Structure formats: structure tokens, C-alpha cells
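Contents: one structure, followed by commentary.
Residue numbers (my numbering): 1 to 274.
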């Protein structure tokens, strides 16, 4: 088992708009559905199906800034747009994230136009409002607009290991974690089952399967021509199901606050497939 004395939180990130640029934090309130304000906004097509950086790589260049009243969006060659929560519509429409169908609160026609102009396709922006309800598959644990689980954890050592094996250097932002761990060995997180950070206990529910979105450079919004890092990860992080795994999905067991520098206590371990 990894020494609990050495493992700690190196970085914390949230991504207020799914697939947009992340925000680094010094601390965060963790709720049952994940870190506060993480993936609480979702871009969809006109039918409510989610749009992400998998199909629209330039989404990673959308910058977000939060304040007490709402959110400001910026993107290359676009004017800044500030959205006030009080100005959101009261309309809830069906939205779809992977196989989950639930309702999101429509924000405004103004931001729909802004996003449609930037992405070059007609789209809408939804907020995970008070009447939005979604759960992790086969559980009663709530989740917002994340792919399927409230949080994602990756160790810095796992990224360093990948960069040693790959012909190219990759950034942690290609994998969009919420929590970056330090002071542990490469892929130590695979063996963790239950951990405590600050006030919060987490279950590491399952490894995170990775897709073409990881090949998008977060600085340029362009895909890697050599399909890296997937090409390298496929050589040593491919499961028996054919999926490529990097990082661990977390479910918080209670609410509380976590900070950069917090100790990561390994409360129980589990077998790994790698």
C-alpha cells in the first residue's frame, strides 16, 4: 500500500462549462454531485444532445470566469459575454449526456447565438438548475453534466510516466482532472478504493476510459496528428474490453471542503487490472 504520509493534493480544477477551459483553485467545496460549479453548464445541439470537444475541439479555448451573480465567457475573435443567473429562462428542456436523459435549464437566446457563431453550428447552453436531476448509473449518487461520475483524479506521477514513454510531451489539461495527486508512484491511484481528502471521503468507483478528446491540445484547440497520447497509452493502458484507461472516477460520500496541499489518506485498497 502507498504511504499515506506522502500522498497529497497538488492541483484542483473545475470546468464550469463542459469541454471549456478549466479553472485552477486553491480550495473547493465538494458536494454530492462533485466540486462546486464543476460542469454545471452544457452545450447541446437543437435536439438537446451534448456537444463536447470530441467533435468541436475549439471548445477548449472558451475561457470562463465565475462571480457571485453568474459567468463570463471569452473565446478567440469573440466579444466577452456575461450571463447572470437571474436572467436565465425558467424553461427546462430534455438534454442528453451519453445514455442519460434528463432536463437542463435553458440559459438564454443571447448565449445560444454567441456559441453558435463561435462553434459554427446551431447550439444551446443549459444550466444544471434546481430542477435538474441526474444520478450516477445504477446508484442514487447525483452527478451534474460530467461524463458519468462526479470527479476525476489523476496522479502527477502517472502523467510523468506517460511522458517518458511517449515521443511527445503531454499536459495534465489534456485529461481534465479535478484532483491531481502528488507524492505517490505512477498509477498508484489504480489501487486506491476509498480515500479521504480534507473533510471528504471518496470511493474510487472505476478507471476512466479515454477518448479522442485527449488528443486535443488545450493551448491551440487542435488535434494531434499522431493520435497521441492514445497511441502510447494503448500499448500499456488498454483493458480487456479494448478501452484505454487513465485516471480514476471518484464519488464523494459526504460534503465538505478540500484544499491544495491536503493529505490524501488511503483508507482501503483494491486489485488493479494493469
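Glycine included, C-beta positions come from ideal geometry on N, C-alpha and C. Computed from a predicted model, the values in this text were never measured in an experiment.
- Counted as a single uninterrupted DSSP element, the alpha helix (DSSP H) harbouring residue 112 occupies residues 109-119.
- Residue 174 and residue 216 have their alpha carbons spaced roughly 7 angstroms apart.
- Rounded to the nearest angstrom, the gap between the Cα atoms of residue 104 and residue 128 is 5 angstroms.
- In the structure shown, residue 230 falls within a helical segment according to DSSP collapsed to helix, strand and coil.
- In the DSSP annotation of this structure, the continuous segment of the alpha helix (DSSP H) that includes residue 161 starts and ends at 156-165.
- Remark: three or more beta-carbon pairs, one from each stretch, lie closer than 8 angstroms, so the segment 187-206 and the segment 251-261 are flagged as touching.
- Counting C-beta pairs with one atom in each stretch, the segment 151-158 and the segment 105-116 have fewer than three that are closer than 8 angstroms, which means they do not touch.
- By the Cβ test, the segment 243-255 is in contact with the segment 24-35, since at least three Cβ pairs between them sit closer than 8 angstroms.
- A straight-line Cα-Cα distance of about 34 angstroms links residue 240 and residue 24.
- Shortest Cα-Cα distance from residue 262 to any of 22, 131, 183 and 171 involves 183.
- By the criterion of a C-beta distance shorter than 6 angstroms, residue 78 is surrounded in its chain by 118, once the five residues flanking it on both sides are discounted.
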